[in-house]
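K.L.:
Protein chains in written order, with this note's numbering: chain A, 401 to 510; chain B, 808 to 1245.
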Amino acid sequence: MKADLELIKGAMIVTPRERVDSAVAPAFELIAMDAVHRARKRVVIDFSAVDYISSAGLRVMLVVAKESRACNLAFVLCGLRPDVLKVFETTGLAGLLSIASDRSAALRSA
Amino acid sequence: MALSDDAQSAIVSALRNSTLFAGIDEAELGALTRQCTEETLDSGAVLMRQGEDGDFAYILLDGTVDVSVETPLGADRVATQMRGEIVGEIAVLAGLPRSATVTSRSPVRLARLDKAVLQNFVEHHPRLASSIIHALSVRLQGLLQPMAYLLQATTALERQDASPELLDLLAQRAGEVTPFAKAFARLVRVLIERRDERHERAIAARLQTSLVPRAAPTIDGVRIAARMVPARDVGGDFYDWFELADGRLACVVADVSGKGIGAAVFMGIVRTALRAVALSQPDSPACILDRLNRILCRDNEQLMFVSLIIVILDPAAGQLEWANAGHPPGLLLRGTDILPLPASGPVLGIAADAQFADQRAALTFGTRLFLYTDGLSEARDPTGGLLGEAAMASLCAELADKDAEAANQFILDAIRRFTSDAALSDDLACLCMDWRRA
């Protein structure tokens, strides 16, 4: 699983660099959970380099959102391309997770 | 270097212990000994190399050497020899290339016997020739017996009844090829384990196949055909249909998060809970989803979820009613009209208070329902291009002259062409239902 990690003003930003399917989901979960445990204020997942997310990838987002809540951290997704956003919308998960248009909006959002 | 007295007696005792020189008298061995030269080498020195001509043999006076066999995959130590043992004599006497590489493990003191000396000795002692043949036969037998065991083990493996006991016996009695026998035993154990896993996956696949309905609905005028194609042995996509107590017929297609065994287990839970909910009390599709969702949300530590579309056909009321929990839109086909049945609530298992809405349409003769999972709409061509929901609808527009079974086949064939027959990366399931005048 290729992903970049950055810490900006207490926010951990995870940027996956490839499609998030069932093959990489376990590694993605480890990376994102590690980010949650290193963040001080918020966790941002930047999807701008991702053109596909499978249900296994969606499940990782739910697991990480739950852990973020338990750690009192904001959890925001951003940079979703239309195909990826559509998956979040169809499954109704867009209504259960915070989604910002881009990274700076994600860092500003409450 | 001239030999010391203790070196000479060490050589004589080494030669006497060797079966090769059995029966040669002490004086003769003493004469041979005097033609030896003494050498010392540091640890890690190569005494002789596999494949080279055998021009000399060594008698180990002090220290230890490793004998290893080299293959294209690397070198494997097959034996260790110590003080008082002879190394490399067979190649010299039999005129064969070296069968192994010998390296000093510690600093070693050696007595070297050159080929000319040994051959001269053999010429004067013809009985030595039969000893050489005997030594080679012993070595050959040392190989034949383990080979017989290996053959037995591979045959047993083919018959699928290889037992660990056989492998232990094999390794114990493998003689000179013990390291190989042990490696072989490890390999066989891995193979047996994989075979058992395959066997269990096949059982899981059969179990899963047995969960989908086979009997045609008894309602006049209804024809249903459905397909389930897991990407692995088992999958998380499924279809179902069942008749409710009040004469309605429920059609379902669902997709559990993830793939493989984990998804299959959750799929079994979803399918069973859905039938329990729907059959226990006649309800609208949205009410059924609401009750199912609350059950799935309980104790869902793993945050597994399922997208599911349920369409209920009510012939008495002349109505179709559906609810869609985060699933790709099913398609209602009437003549050239295509009505998508989009999601009216989120996937099940995540939010216990999620809301689902019922949607309705009149049920007229000639209505066709096509439900599918995202394994179809999200199929990719070799360049990564997505098929998409619009293309699914276009494909469905070409189904008019086909019965339900042929319609499914047509769609799956089209998907296969679109992906250029690439191996499935996602599970697929689809269901086609026709309502005709009985």
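C-beta atoms are modelled at their ideal positions from N, C-alpha and C, and glycine is treated no differently. Being a predicted model, the structure only gives us computed values, none of them experimental.
Am I right that B:I866 and B:A918 are in contact with their C-beta atoms under 8 Å? What's the rounded C-beta distance?
P.N.:
Contact between B:I866 and B:A918 is confirmed by a C-beta separation of about 4 Å, below the 8 Å threshold.
K.L.:
Can you list, in chain order, the residues of the segment 449-469 of chain A whose Cβ is nearer than 8 Å to any Cβ on chain B?
P.N.:
D451, Y452, S454, S455, A456, L458, R459, L462, V463, K466
K.L.:
I need the straight-line Cα distance from B:V751 to A:R508, nearest angstrom please.
P.N.:
A question about residue 751 of chain B goes unanswered here, because the residues of chain B that appear run from 808 up to 1245.
K.L.:
I need the boundaries of the alpha helix (DSSP H) containing A:V463, first residue and last residue.
P.N.:
Start and end: 455-470.
K.L.:
In whole angstroms, give me the CA-to-CA distance for B:V1072 and A:F475.
P.N.:
Rounded to whole angstroms, the gap between the alpha carbons of B:V1072 and A:F475 is 30 Å.
K.L.:
Counting only beta-carbon atoms, is A:L496 nearer than 8 Å to chain B?
P.N.:
Nearest CB-CB separation between A:L496 and chain B: below the 8 Å threshold.
K.L.:
Can you check whether the C-beta of A:L493 is within less than 8 Å of a C-beta belonging to chain B?
P.N.:
So, interface residue.
K.L.:
Under 8 Å by Cβ, that's how I've got B:V819 and B:T840 pegged, so tell me the actual separation to the nearest angstrom.
P.N.:
6 Å
K.L.:
Would you mind working out which of B:A960, B:P1024, B:G870 sits nearest B:A990, comparing C-alpha positions?
P.N.:
B:A960
K.L.:
At least one CB of chain A closer than 8 Å to the CB of B:I1145: is that the case?
P.N.:
Residue-level contact check: B:I1145 does not touch chain A, since none of the beta carbons of chain A fall below 8 Å from its beta carbon.
K.L.:
Shortest alpha-carbon distance to B:R1244 belongs to which of B:E1212, B:L1170, B:Y1179, B:L1178?
P.N.:
Nearest in C-alpha terms to B:R1244, of all of B:E1212, B:L1170, B:Y1179, B:L1178, is B:L1170.
K.L.:
Spatial neighbours of B:V1063 within its chain, please: CB distance less than 6 Å, with the 5 preceding and 5 following residues excluded, ordered by chain position.
P.N.:
G1043, A1070, F1073, M1074, V1113
K.L.:
So, are the CB atoms of A:V444 and A:S468 less than 8 Å apart?
P.N.:
no
K.L.:
Taking beta-carbon pairs under 8 Å, can you tell me which members of the segment 416-445 of chain A lie near chain B?
P.N.:
The residues in question are D421, S422, A425.
K.L.:
Kindly list, in the order they appear in chain A, the residues whose Cβ is closer than 7 Å to that of B:I1157.
P.N.:
Correct list: L462, L496.
K.L.:
At which residues does the alpha helix (DSSP H) containing B:E892 begin and terminate?
P.N.:
Taken as a continuous stretch (DSSP letters only), B:E892 belongs to no alpha helix (DSSP H), as it is neither H nor E.
K.L.:
Kindly indicate if chain B contains any beta-carbon less than 8 Å away from that of A:D483.
P.N.:
yes
K.L.:
Let me know the secondary structure DSSP gives B:I831 once reduced to three states.
P.N.:
The DSSP-derived three-state label of B:I831 is coil.
K.L.:
Over what stretch of residues does the alpha helix (DSSP H) that includes B:C1104 continue unbroken?
P.N.:
1092-1104
K.L.:
Under the DSSP definition of a beta bridge, which residues are partnered with B:M855?
P.N.:
B:V909
K.L.:
Out of B:P879, B:R934, B:L827, B:A1150, which one is the CA nearest neighbour of B:A942?
P.N.:
B:L827
K.L.:
List, in order along the chain, the chain A residues whose C-beta lies closer than 9 Å to that of B:F1112?
P.N.:
Residues of chain A whose Cβ lies closer than 9 Å to the Cβ of B:F1112 are, in chain order, S455, L458, R459, L462, T491, L493.
K.L.:
Taking 8 Å as the threshold (C-beta atoms), are A:P416 and A:V450 in contact?
P.N.:
yes
K.L.:
Quick one: any contact between the segment 1194-1209 of chain B and the segment 1017-1036 of chain B, if contact means 3 or more CB pairs under 8 Å?
P.N.:
no
K.L.:
When you compare only the Cα positions, how much space is there between B:A748 and B:E930?
P.N.:
Since the first and last residues shown for chain B are 808 and 1245, residue 748 of chain B lies out of range.
K.L.:
Give, in chain order, every residue of the segment 1034-1066 of chain B whose Cβ lies closer than 8 Å to some Cβ of chain A.
P.N.:
G1043, D1062, V1063, S1064, G1065, K1066
K.L.:
Closest to B:L854 by CA distance: which of B:L920, B:Y1046, B:F1045 is it?
P.N.:
Among B:L920, B:Y1046, B:F1045, the Cα nearest to that of B:L854 is on B:L920.
K.L.:
Less than 8 Å between CB atoms is the rule here; does B:D1097 satisfy it with respect to chain A?
P.N.:
no
K.L.:
Do B:R905 and B:R856 have their C-beta atoms within less than 8 Å of each other?
P.N.:
yes
K.L.:
B:L1206 lies in the alpha helix (DSSP H); which residues open and close that run?
P.N.:
Here B:L1206 belongs to no alpha helix (DSSP H), and DSSP marks it neither H nor E.
K.L.:
What is the DSSP secondary structure of B:R884, counted as helix, strand or coil?
P.N.:
strand
K.L.:
Note down, in chain order, each residue of its chain lying with its Cβ closer than 6 Å to the Cβ of A:S448, except the 5 sequence neighbours on either side.
P.N.:
Same-chain partners within the cutoff: G479.
K.L.:
Using 8 Å as the threshold, is the C-beta distance between A:L493 and B:P1153 below it?
P.N.:
Yes. Within cutoff.
K.L.:
Of all the CB atoms in chain A, is at least one closer than 8 Å to the CB of B:D1233?
P.N.:
yes
K.L.:
Helix, strand or coil for B:A1057 per DSSP?
P.N.:
strand
K.L.:
Distance, Cα to Cα, B:A907 vs B:R916?
P.N.:
20 Å
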